[in-house]
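Residue numbers (our numbering): 907 to 1102.
Where is the CB? At the ideal position from N, CA and C, for every residue including glycine.
In this text the structure is predicted, and so the values were computed from the model without any measurement.
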C-alpha cells in the first residue's frame, strides 16, 4: 500500500511540474513550445510527459483549464466578499484588475479568455456543471448582476462584454502602468466607476 501511495504522489508531483513548465514555456514561446522542451524544463522523461498528456493539445488544454480555474477561484472569492458586505462594484473592479494584471504575463490566460469569448470554442451556457468554466461563468455572472443592481455597472453590461474587454487587455511586454491605466479606463466606462 505504501508503494501505491508513493507512485500516486510521484505522478501528482510530475503532473504539477509538467504543468508548471508548460505554463512557463507557453508564456515565453506560445504554443510553439515543444513537448521535449517542456519535459526538459519539468525535469521528467518525455515518456512521462506523454503518459500524462498523450498529445500537445491535451497539455495546452490542461494549462488553459488551470488558468480558467484561477479565474473561477478569484471570482468566487469576490462573490463571497460581496455576500459578506463588500461593495459589488468594488469587487468586480478588483477581479477585473487582478485578471488583467495576470493577463499581462500569462499567455495561457489570454488563450483562456479567447476560448471564453469565442462561441465556436463552446457555448458558455452549456459548460459542464462543476467545470472551471461553469464555475467562472456562474460567479462572474452573479457578481455582475449584483454590481448592476446597485448601479455600480451600467445595466447593459454583459458577461460577454467583460470577456471581450479582458481579452483586449495589454499583455506581454506592456508595462504595469499601461495595464493599470487600461483598468481605470474600462472601469470608468462600465459606469459608476465600479466603486459601489
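Per DSSP, the unbroken alpha helix (DSSP H) holding residue 953 starts and ends at 952–958.
When rounded, the separation of the alpha-carbon atoms in residue 1089 and residue 1097 is 13 Å. Here the stretch 930–946 does not lie against the stretch 972–983, with fewer than 3 beta-carbon pairs under 8 Å apart.
A distance of 8 Å or more separates the beta carbons of residue 925 and residue 952.
Rounded to the nearest angstrom, the gap between the Cα atoms of residue 1094 and residue 931 is 35 Å. Counting only the Cα atoms, residue 1010 lies some 7 Å from residue 1079. Positions of the alpha helix (DSSP H) runs, each at least 4 residues long and wholly inside the stretch 1052–1088, are given as 1065–1073 in order along the chain. Relative to residue 934, the option among 914, 1084, 1087 and 1077 whose CA is nearest is 1077. In the three-state reduction of the DSSP assignment, residue 1095 falls in the helix class, which pools H, G and I. Annotation for residue 1085: 1006, 1007, 1010, 1075 and 1076 place their beta carbon closer than 7 Å to its own, counting only its chain and skipping 5 residues before and after. In the DSSP assignment, residue 973 falls within the alpha helix (DSSP H) that extends over 962–989. Taking residue 1059 as the centre and dropping the five residues before and after it, the same chain places the C-beta of 995, 998, 1050, 1053, 1096, 1097, 1098 and 1100 closer than 7 Å to its C-beta, in chain order. DSSP places residue 1004 inside the alpha helix (DSSP H), whose first and last residues are 994–1009.
Assigned with DSSP and collapsed to three states, residue 926 falls in helix.
Distance from the CA atom of residue 1044 to the CA atom of residue 949, rounded to whole angstroms, is 37 Å. At a Cβ-Cβ threshold of 8 Å, residue 1040 and residue 1034 count as neighbours. Excluding five sequence positions before and after residue 1071, the CB atoms of its chain that fall closer than 7 Å to its own CB belong to 1092, given in chain order. The three-state secondary structure of residue 1036, taken from DSSP, is coil.
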